[in-house]
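Okay, structure first, notes after.
There are 2 protein chains.
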Amino acid sequence: MSRPTIADVAAEAGVSKTTVSHALTGQGRVKEETTRRVLDAAERLGYRPNMMARGLRTARTRLLAIANSVPAVVADGAGALSYYMTVAGSAARTALRSGYATILIPPDAAPGIFSDIAIDGAIILDPQTADPFLAALRKRHVPFVTIGREPGALGAGWCVDSDMIDATTRLLDHFALGGSCRPALILTEEQRSYSTDARLAYERWVAQRGLPPVVVTAHEKRAEKGGHAAMSRLLAAHPQVNAVFVPLDPFATGALHALAEAGRRVPQDMQVATLDGVRAQFSVPALTAVSDDMEAFARCAVELLLEQLADPAATPRGVTMQSRIVVRDTTLAAAATG
Amino acid sequence: MSRPTIADVAAEAGVSKTTVSHALTGQGRVKEETTRRVLDAAERLGYRPNMMARGLRTARTRLLAIANSVPAVVADGAGALSYYMTVAGSAARTALRSGYATILIPPDAAPGIFSDIAIDGAIILDPQTADPFLAALRKRHVPFVTIGREPGALGAGWCVDSDMIDATTRLLDHFALGGSCRPALILTEEQRSYSTDARLAYERWVAQRGLPPVVVTAHEKRAEKGGHAAMSRLLAAHPQVNAVFVPLDPFATGALHALAEAGRRVPQDMQVATLDGVRAQFSVPALTAVSDDMEAFARCAVELLLEQLADPAATPRGVTMQSRIVVRDTTLAAAATG
DNA sequence: AGCGTTTGCCAAATCGTTTTGGCTGGAATG
DNA sequence: CATTCCAGCCAAAACGATTTGGCAAACGCT
Numbered sequence: 109m110s111r112p113t114i115a116d117v118a119a120e121a122g123v124s125k126t127t128v129s130h131a132l133t134g135q136g137r138v139k140e141e142t143t144r145r146v147l148d149a150a151e152r153l154g155y156r157p158n159m160m161a162r163g164l165r166t167a168r169t170r171l172l173a174i175a176n177s178v179p180a181v182v183a184d185g186a187g188a189l190s191y192y193m194t195v196a197g198s199a200a201r202t203a204l205r206s207g208y209a210t211i212l213i214p215p216d217a218a219p220g221i222f223s224d225i226a227i228d229g230a231i232i233l234d235p236q237t238a239d240p241f242l243a244a245l246r247k248r249h250v251p252f253v254t255i256g257r258e259p260g261a262l263g264a265g266w267c268v269d270s271d272m273i274d275a276t277t278r279l280l281d282h283f284a285l286g287g288s289c290r291p292a293l294i295l296t297e298e299q300r301s302y303s304t305d306a307r308l309a310y311e312r313w314v315a316q317r318g319l320p321p322v323v324v325t326a327h328e329k330r331a332e333k334g335g336h337a338a339m340s341r342l343l344a345a346h347p348q349v350n351a352v353f354v355p356l357d358p359f360a361t362g363a364l365h366a367l368a369e370a371g372r373r374v375p376q377d378m379q380v381a382t383l384d385g386v387r388a389q390f391s392v393p394a395l396t397a398v399s400d401d402m403e404a405f406a407r408c409a410v411e412l413l414l415e416q417l418a419d420p421a422a423t424p425r426g427v428t429m430q431s432r433i434v435v436r437d438t439t440l441a442a443a444a445t446g
Numbered sequence: 109m110s111r112p113t114i115a116d117v118a119a120e121a122g123v124s125k126t127t128v129s130h131a132l133t134g135q136g137r138v139k140e141e142t143t144r145r146v147l148d149a150a151e152r153l154g155y156r157p158n159m160m161a162r163g164l165r166t167a168r169t170r171l172l173a174i175a176n177s178v179p180a181v182v183a184d185g186a187g188a189l190s191y192y193m194t195v196a197g198s199a200a201r202t203a204l205r206s207g208y209a210t211i212l213i214p215p216d217a218a219p220g221i222f223s224d225i226a227i228d229g230a231i232i233l234d235p236q237t238a239d240p241f242l243a244a245l246r247k248r249h250v251p252f253v254t255i256g257r258e259p260g261a262l263g264a265g266w267c268v269d270s271d272m273i274d275a276t277t278r279l280l281d282h283f284a285l286g287g288s289c290r291p292a293l294i295l296t297e298e299q300r301s302y303s304t305d306a307r308l309a310y311e312r313w314v315a316q317r318g319l320p321p322v323v324v325t326a327h328e329k330r331a332e333k334g335g336h337a338a339m340s341r342l343l344a345a346h347p348q349v350n351a352v353f354v355p356l357d358p359f360a361t362g363a364l365h366a367l368a369e370a371g372r373r374v375p376q377d378m379q380v381a382t383l384d385g386v387r388a389q390f391s392v393p394a395l396t397a398v399s400d401d402m403e404a405f406a407r408c409a410v411e412l413l414l415e416q417l418a419d420p421a422a423t424p425r426g427v428t429m430q431s432r433i434v435v436r437d438t439t440l441a442a443a444a445t446g
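The following block contains the structure:
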């Protein structure tokens, strides 16, 4: 026989389809003993509700989507977006516990994708200003949670975020531990909340010390090349700079190459730090980095999304997480302690 | 108004629902001009077919799943399974082109998952002997394609695979380029096709040269520790060995540590190679590796799966891909050429 | 003209759930 | 005793697509 339906269970248990549905979903009023009989029958037949039928009736798919707004900077292929995997996997696991499956939106997919797939909600990584993915979701009235805030958004949205202002400040303090410090910042042209926050904290920090702000940018798609070029320009224009925060990790490794070519020693002549990931970990020298627990981000994002699905009228809630600074080879305090 | 249905389009175009359905899906007979009118109406209303309704009727979800049979060997957290992301992302992209969305099965999920989600097909990475995921899929009659063969399976199944016998042979030849060579093999206890193939090729290679086979194994879950322990045992028991193929990359980095502790120079005293990935690339010294185009694997797997979905009665087809050997710091030919 | 075939369209059935509205019979209330 | 209420169950109506079977009109052939 093909897959048993609710009608088969009803026949087996000697009740109506309505009662089976109620017994299984906990709706309506069903005598305890009847419920047990239904559950038994369902078990015996190996009954599984048909998701399509259920979805049709309830207008819910029990599917979430996860997408990365950051394009796959395929500088050297593998692992460029490995943190995306970490997040996606963790989100999928968390969602599954609540009975939701997670659709993986491939890197670099067009935002139009969201009008073709049927989902109850979405998680978007690192949205940028006026993010096209978020626009598409809003248009379709699909609830979403962002990891990282949408910079320049009007009201606060559902999001989970790291405290990048605090982290940047602590990082600059860490730079300064190595002695007198003239820090610079290498950012992406694209505005994502981590970069705007880093800029804010940086400008505040240098202003307090009466230092001139030095910020160089490149388009994120240029990846390693962009970081290399930015660092070269920086060295030429601001020779006094002796520490640099380069959040985007392909930029950071590109910057390391530029420094090597220019004959600058790291960290003696130039301290370098980035956001954590496989690149930072495995690069030689290993990069000091601002590190976030991406798995926790993902878990939290799913929880917020489910909260929102349960009550679409709830007021948006954000969660902020503390980052750690992982000291490796590219900053002076490392040499001092290690 | 809420989302338009096929009935709205029918009204707008002045035809029946049947005709709309036929015009949109290309079924049945519809006059060219009528089709155009329907398409126009659908466009004007922004009509999107309801996936749940369609799925209910056709018993197809247009969802695929991708899962990794290899547990997340979370030796040092991030990036341990970054190749899984590469594959999953590439598969998702390919599937999307044919109108399928891809569900990400989180690492370490229980095989029982497949009785709770509604999918048309699945892609399973690196199945092991008597793989529980494949068992679950077979039980539910869900078509699947494996990346890597299921070792010890009776008939041939739908799969895409690398020619690991050839690659291993070439790798051993590469080892031998550095002079007289006594190679060993460090494998996982778990049998996946790449490991059984590597063993086969290795045993053949040493037999041809009248050398004794040296194979050491560890449980894959032990990750770096396992590789470390295996290498230590190898050094103690077989001091004459001067080259080792360690397919599982966490094992390989673990082995490198053991070698460093034992004061053996790499590659002078011991050549080392592994399967490619971020670890191999970024490890210091960088590991010579057998490298596969995982994105191509994924594309191919999706194509095979769609082929199978189009004709479930088709005889299973396998595709074999050629691997490259990427020479880095841990083999002697590298020193010779670089 | 008469007959069979093809073309173009449609009404109704169908997929497997949930939900609505109603029906029973016994307990509680007056 | 009559009335109201409620627990416990059910038949039928959704949900929005595809598919089946059929009906006219147009066409081709003798």
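First to last, the sequence lines map onto chains V and X. Just so we're aligned: the first sequence equals residues 109 to 446 in the numbering used here. Just so we're aligned: the second sequence equals residues 109 to 446 in the numbering used here. C-beta atoms are modelled at their ideal positions from N, C-alpha and C, and glycine is treated no differently.
For the region 385-410 of chain X, the beta-carbon criterion of a distance under 8 Å to any beta-carbon of chain V is satisfied by 385, 386, 387, 389, 390, 391, 392, 402. The three-state reading of DSSP puts residue 409 of chain X in helix, counting H, G and I together. Here DSSP, grouped into helix, strand and coil, assigns residue 291 of chain X to strand. Note on the region 370-398 of chain X: whole alpha helix (DSSP H) runs with a minimum of 4 residues are 386-390, in chain order. Residue 276 of chain V sits in a helix when the DSSP states are folded into three classes.
Sorting V:276, V:323, V:287 by C-alpha distance to the C-alpha of residue 294 of chain V places V:323 at the top.
Under the DSSP definition of a beta bridge, residue 222 of chain X lacks any partner. Contact residues of the region 206-236 of chain X toward chain V are 207, 209, 210, 211, 212, 213, 214, 215, 216, 217, 221, 223, 224, 225, 226, 227 (C-beta to C-beta distance below 9 Å).
Against chain X, the CB of residue 190 of chain V has a partner CB under 8 Å away; the residue lies at that interface. Under the 8 Å criterion on CB atoms, residue 196 of chain V is classed as interfacial with respect to chain X.
Inter-segment contact for the region 201-208 of chain X and the region 163-176 of chain X is present: three or more beta-carbon pairs are separated by less than 8 Å. Residue 211 of chain V and residue 349 of chain X have their alpha carbons spaced roughly 47 Å apart. With contacts defined as CB atoms closer than 8 Å, residue 412 of chain V and residue 266 of chain V qualify as a contacting pair. For residue 164 of chain V, the closest Cβ of chain X is nearer than 8 Å.
Under DSSP, residue 176 of chain X takes part in a beta bridge, and its partners are X:233. Burial state of residue 226 of chain V is buried, judged by a 10 Å Cβ sphere holding 16 or more other Cβ atoms.
Within chain V, the residues whose beta carbon sits less than 9 Å from that of residue 169 of chain X are 159, 160, listed in sequence order.
Residue 431 of chain V has its alpha-carbon roughly 13 Å from the corresponding atom of residue 305 of chain V. Within 10 angstroms of the beta-carbon of residue 124 of chain V lie fewer than 16 other beta-carbons, which makes it exposed. Around the C-beta of residue 319 of chain V, fewer than 16 other C-beta atoms lie within 10 Å, and the residue is accordingly described as exposed.
Under the three-state reduction of DSSP, residue 169 of chain V is assigned to coil, being neither helix nor strand. For residue 314 of chain V, the uninterrupted alpha helix (DSSP H) run begins and ends at 301-316, by DSSP. By the Cβ-count criterion, residue 216 of chain X is exposed, with fewer than 16 other Cβ atoms from all chains shown falling within 10 Å of its own Cβ.
Distances from the alpha-carbon of residue 278 of chain X to those of X:381, X:116, X:164, X:408 put X:381 closest. The Cβ atoms of residue 273 of chain V and residue 309 of chain V lie closer than 8 Å to each other. Look at residue 216 of chain X here: in three-state DSSP terms it is coil, with no helix or strand label. The way I'd put it, the region 390-401 of chain X doesn't touch the region 235-254 of chain X; fewer than three beta-carbon pairs between them come closer than 8 Å. For residue 193 of chain X, the nearest CB of chain V lies under 8 Å from its own CB, placing it at the interface with that chain. Inclusion of residue 244 of chain X and residue 220 of chain X in the CB contact set at 8 Å is warranted, their separation being smaller than that value. Ranked by how close their Cα comes to the Cα of residue 259 of chain V, the residues V:346, V:334, V:287, V:300 have V:300 in first place.
The Cβ atoms of residue 401 of chain V and residue 383 of chain V lie no closer than 8 Å to each other. Collapsing the DSSP output to three states places residue 368 of chain V in a helix. Using beta-carbon distances, residue 356 of chain V does not count as an interface residue toward chain X, since no partner is under 8 Å. For residue 341 of chain X, the closest alpha carbon among the candidates X:424, X:362, X:329 is that of X:362. In this structure, residue 379 of chain X keeps its C-beta atom at 8 Å or more from the C-beta atom of residue 344 of chain X.
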